[in-house]
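Engineer: The structure is given below, and queries will be raised subsequently.
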Amino acid sequence: MIFLKDIGVFICHCGVNISNTVDVKKVVEEISKLPSVAICEDYQYMCSDPGQELIKRSIKEHDLDAVVVAACSPRMHEPTFRATVSDVGMNPYCFEMSNIREQCSWVHHEKDKATEKAIDLVKSAVARALLLEPLQSEAFPVVPAALVVGGGIAGIQASLDIANSGFKVYLVEKEPSIGGHMAQFDKTFPTLDCAACILTPKMVDVARHPNIELLTYSEVEEISGSIGNFNVKVKKKARYVDMDKCTGCGSCAESCRLVGKIKSEFDMGLGKRSAIYVPFPQAVPLKYTIDPDACLFIKHGRCGKSPKCVDACTTDAIKFDDKPEIVEFNVGAIVVATGYKEFSAERKPEFGYDLYSNVMTGLELERIFAPSGPTGGKPIINGKVPKKIVFISCVGSRDKKVGNPYCSRVCCMYIAKQAHLLKEKIPDADITVMYTDMRSFGKGYEEFYERVQKEGIKYRRGNAGEVYEDGGKIYVRAEDTLLGEPYELEADLVVLGTGLEPEPYAEGIGKMLHLSLSSDGFFLEAHPKLRPVDTVIDGVFLAGTAQGPKDIPDTVAQASGAAAHVVNLISKKEILSEPTIAVVDEDACVGCKTCMLLCPFDAHEFDEDKGVMTINSAMCKGCGSCAAACPSGSIKMNHFTKDQIVAQILEVL
Amino acid sequence: MEENWEPKIVGFLCNWCCYAGADMAGTSRMQYPPNIRVIRVMCSSRINAEMIIKAFQSGADAVFIGGCHPGDCHYVDGNYRTKKRVDVLKRLIGYVGIDPKRLRLEWISAAEGEEFAETMRNFTEDVRKLGPSPLKALAEEMV
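Sequence order for the protein chains is A and B. Taking our numbering, the leading residue of the first sequence gets 2, the next gets one more, and so forth. Taking our numbering, the leading residue of the second sequence gets 47, the next gets one more, and so forth.
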């Protein structure tokens, strides 16, 4: 009976992308011979409007039962063509795609062999199409809330955009304050905007927003569920300070026995804080946190006669018996904005970062510039104002030796900015930038680079080889690749233009959500050109440097993009479930429970009355592992049935 | 043996990692021999012994299965199930006279286009050295 089906096959040239290597006419000729093929047509661009119209018209004219499109990857256009066939009333699961571009014309150059392969692939798709069954999706409700992981500028922007659209946002940040790396910067390139002046108002907006629930000093512990309804468990770490009572007055930190003794992470270890602290004065929330690794009372159970912070606090906010707390909530969508970490300069020992105190990283110099930083914004290194300054670019970027072949995209410009700021503060400074290639690609960047050169900053092309000490002085050896000669410069300050690496914390989030990584270790987007904000996991979006190195404007743009996608999703009352799940044939099931042991999602439940297995359609994700293992063959994996797969096997051989 | 014999390889690739890696090889225009015929499944664990044996019975010279790296499975641990099945099956097919090297399981991520192309180059070459599958003649007789 299945052979009475009429199949329509549509072969795409993809401009010349397919037709250059695959003889499309030959494929049409061969496929037309198949008895079940009612119509086989080719077209220049099947995904274009006229292409889709051709398919729709053919479905109606030939009363087709199923459609095969041989074109690009189904990962690219399957949703497009499913929608096309649905438009004229065909069930979208009666559509099959044959990938003759990514997996044929683009990877082979012998035309006859590529054509032969394309014919095999299309035949196999037709064999499968004959056995496709219409499937019905179920509608299920969408939780109108979102989770944003990471409270840097990306997470802040995404949260505000979603919250301003009227939806609840849970913003989770692992540090005691939101703000991320941007809060550590003094000025931003190329406009020299004060970073704090443009960031802190947004941070305050987040804290005040009625739709945003801010969970700082918290980490995502567990995420389950899927698009439309993710269940999230967040651990609020013990802060040892009652958030409701703390007024942020700071008298506890001033009185702490360890005041000025603990290295401040926010100041990159250059400044000192107390054991009870806020990372920086404009922190949001402005609530103190006790560092359990430093606090004498937490570590040793005593702190003099009594902890001084307790004595100093007028609102009785210190809470030494504080415990971590698990908060649980549901969201319809997730934005991953976990950011980056600065490259560890120790991994380039030739630059002497570990050895010499006047060798520092770009982020450390940012803190030196900051008015709230360890030197109050004065350019003082080791007690002196440096006069001879060398910048070294591409430290930890474009460097296969440390496993980072990529460009970090921000270093050229932050070096230009820092060189400008140093020149402004120390007009008689002699500043040299040792660069690999200048990459000033953003709006106003090239102009800024030119301005900095005119200010007397010397740019010399070629990478530095080493930094060494001789007679108490520091020298940088490099090769000027334009002059083709080596040279040495004495320096009071060497600034390493350290690049960006994935934030290690992101790895755990990636595992929880099953996100893929690109070869550079950052999260992989669903499509590098057309879906740079989506991930392959429905309902999970990317924002900022979690996806790859980028500057602040690009980060903010991507965050707003991610927020738009989230709002687009959670503003729907309900979405349709994927019907490609496993179902049990109750008549055949013998109740052996083999499948139950295999299911990673606990979707299988044994019906004691009937003595058979049942599968919860909301929990099944459609991997098909159970169907593959069922000894009695009574589990059917919808859309990937045994018969469909076997039909494909037979056709390609 | 046929004069112009070309190995025929049936490939089962999981949608999330290996299939995406194969797409990446295409997007990056990495060349490899046109001997594999790919069948897309959502998870490599959808594939069982029956399907692999069916492929050999029907004349495949080799079967390739591509899944996600351990720990990266879209379905938590489907790839472990696949590994177990393939390990057992390799021993069984060896017993009936099919060289276990004709069945290969690899972990290839969505970003590893070059790994996919390189694996295809190596595997095709290995199968070429092994020659036509002993079941091939039998399969043709049955047809």
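Think of the CB as a built atom: it goes at the ideal place given N, C-alpha and C, for glycine as much as any other residue.
Taking the CB atoms as reference points, tell me whether Val38 (chain A) and Ile12 (chain A) lie closer together than 8 Å.
Structural biologist: no
Engineer: Whose CA, out of A:Cys310, A:Met614, A:Cys412 and A:Ser166, lies closest to the CA of Ser633 (chain A)?
Structural biologist: Looking at the Cα atoms, A:Met614 is the closest of the given residues.
Engineer: Rounded to whole angstroms, how far is the Cβ of Met204 (chain A) from the Cβ of Ile163 (chain A), which I believe are closer than 8 Å?
Structural biologist: That pair is no contact at about 16 Å.
Engineer: Would DSSP call Gly9 (chain A) helix, strand or coil?
Structural biologist: strand
Engineer: Let me make sure I understand the geometry here. Which of B:Pro53, B:Lys54 and B:Ala68 has the alpha-carbon closest to that of Cys60 (chain B)?
Structural biologist: B:Ala68
Engineer: What does a CB cutoff of less than 7 Å around Asp243 (chain A) pick up in its chain, not counting 5 residues either side in sequence?
Structural biologist: Only Ala318 and Lys320 meet the Cβ criterion.
Engineer: Give the single residue among A:Ala119, A:Lys57, A:Tyr341 and A:Pro293 whose Cα lies nearest to the Cα of Pro550 (chain A).
Structural biologist: A:Tyr341
Engineer: Which residues of the stretch 82-108 of chain B have a Cβ closer than 8 Å to any Cβ of chain A? Give them in chain order.
Structural biologist: Arg83, Val84, Ile85, Arg86, Val87, Met88, Cys89, Ser91, Arg92, Ile93, Asn94, Glu96, Met97, Lys100, Ala101, Ser104, Gly105 and Ala106
Engineer: Verify whether the separation of the beta carbon atoms of Lys459 (chain A) and Val496 (chain A) is less than 8 Å.
Structural biologist: no
Engineer: Just how far apart, CA to CA, sit Val173 (chain A) and Leu484 (chain A)?
Structural biologist: 52 Å
Engineer: Along chain A, which residues have their Cβ under 8 Å away from the Cβ of Ala183 (chain B)?
Structural biologist: The premise fails here: Ala183 (chain B) is roughly 13 Å from chain A at the closest Cβ pair, so nothing lies under 8 Å.
Engineer: List the endpoints of the continuous beta strand (DSSP E) containing His605 (chain A).
Structural biologist: Here the beta strand (DSSP E) through His605 (chain A) covers His605 to Asp608.
Engineer: Identify which residue in A:Pro601, A:His605, A:Ala583 and A:Ile582 has its Cα closest to the Cα of Cys593 (chain A).
Structural biologist: A:His605
Engineer: Do Asn617 (chain A) and Leu136 (chain A) count as a contact pair if the criterion is CB distance below 8 Å?
Structural biologist: no
Engineer: Show which residues of chain A have a CB atom less than 9 Å away from the CB atom of Val142 (chain B).
Structural biologist: Chain A residues near Val142 (chain B): none, gap ~18 Å exceeds 9 Å.
Engineer: Within its chain, find whatever has a CB closer than 8 Å to the CB of Ile32 (chain A); leave out the 5 residues flanking it on each side and keep chain order.
Structural biologist: Val10, Ile12, Val38, Cys41, Ile120, Val123, Lys124 and Val127
Engineer: Alpha carbon to alpha carbon, what distance is there between Arg75 (chain B) and Lys182 (chain B)?
Structural biologist: 32 Å
Engineer: Taking C-beta pairs closer than 8 Å, name the residues in chain C that Val56 (chain B) reaches, listed in chain order.
Structural biologist: In the structure shown, chain C cannot be found, because the protein chains are A and B.
Engineer: So the beta strand (DSSP E) Lys418 (chain A) belongs to, where does it begin and stop?
Structural biologist: No beta strand (DSSP E) holds Lys418 (chain A); the alpha helix (DSSP H) holding it covers Cys412 to Lys426.
Engineer: For Lys114 (chain A), tell me which candidate among A:Pro533, A:Tyr278 and A:Lys27 has the shortest Cα-Cα distance.
Structural biologist: Minimum Cα distance to Lys114 (chain A) is reached at A:Lys27.
Engineer: How many angstroms separate the CA atom of Ala565 (chain A) from the CA atom of Asp194 (chain A)?
Structural biologist: Each residue's alpha carbon lies about 27 Å from the other.
Engineer: To the nearest whole angstrom, what separates the beta carbons of Glu480 (chain A) and Gly463 (chain A), a pair I think is in contact under 8 Å?
Structural biologist: 5 Å
Engineer: Identify which residue in A:Ala544, A:Glu447, A:Gly229 and A:Ile390 has its Cα closest to the Cα of Asp493 (chain A).
Structural biologist: A:Ile390
Engineer: So, at 7 Å on beta carbons, what are the nonlocal neighbours of Cys596 (chain A) in its own chain, with the 5 sequence-adjacent residues on each side left out?
Structural biologist: For Cys596 (chain A), where only same-chain residues beyond five positions count, the Cβ hits under 7 Å are His605, Met614, Cys627, Ala630, Cys631 and Ile636.
Engineer: I'd like to check one pair, Ile646 (chain A) with Ile98 (chain B): are the Cβ atoms closer than 8 Å?
Structural biologist: no
Engineer: So who's on the other strand from Val477 (chain A), going by DSSP bridges?
Structural biologist: A:Val468 and A:Leu490
Engineer: Quick one: give me the first and last residue of the beta strand (DSSP E) that Ile82 (chain B) is part of.
Structural biologist: Ile82 to Val87
Engineer: Tell me which residues of the stretch 117-138 of chain B have at least one Cβ-Cβ distance to chain A shorter than 9 Å, keeping chain order.
Structural biologist: Gly117, Asp118, Cys119, His120, Tyr121, Val122, Asp123, Gly124, Arg127, Thr128 and Arg131
Engineer: Within the same chain, show all residues whose beta-carbon is closer than 7 Å to that of Lys234 (chain A), passing over the 5 residues directly before and after it, in chain order.
Structural biologist: Glu222, Glu223, Ile327 and Glu329
Engineer: Output yes if chain A places a C-beta closer than 8 Å to the C-beta of Trp153 (chain B); else output no.
Structural biologist: Not one chain A Cβ lies under 8 Å of Trp153 (chain B).
Engineer: Taking C-beta pairs closer than 7 Å, name the residues in chain A that Asp145 (chain B) reaches, listed in chain order.
Structural biologist: Residues of chain A whose Cβ lies closer than 7 Å to the Cβ of Asp145 (chain B) do not exist, since the nearest Cβ in that chain is about 18 Å away.
Engineer: Which bits of chain B does His515 (chain A) rub up against, with CB to CB less than 7 Å?
Structural biologist: His120
Engineer: With a threshold of 8 Å between beta carbons, is Pro178 (chain B) in contact with chain A?
Structural biologist: no
Engineer: Name, in chain order, the residues that DSSP records as bridge partners for Gly140 (chain B).
Structural biologist: For Gly140 (chain B), which the question treats as bridged, DSSP gives no partner whatsoever.
Engineer: Give every residue of the same chain whose Cβ lies closer than 8 Å to the Cβ of Tyr46 (chain A), excluding the five residues on either side of it in the sequence, and list them in chain order.
Structural biologist: Spatial neighbours of Tyr46 (chain A) in its own chain (CB-CB distance under 8 Å, excluding positions within 5 residues in sequence) are listed in chain order as Cys13, His14, Cys15, Gly16 and Gly52.
Engineer: With DSSP collapsed to three states, give me the class of Cys304 (chain A).
Structural biologist: coil
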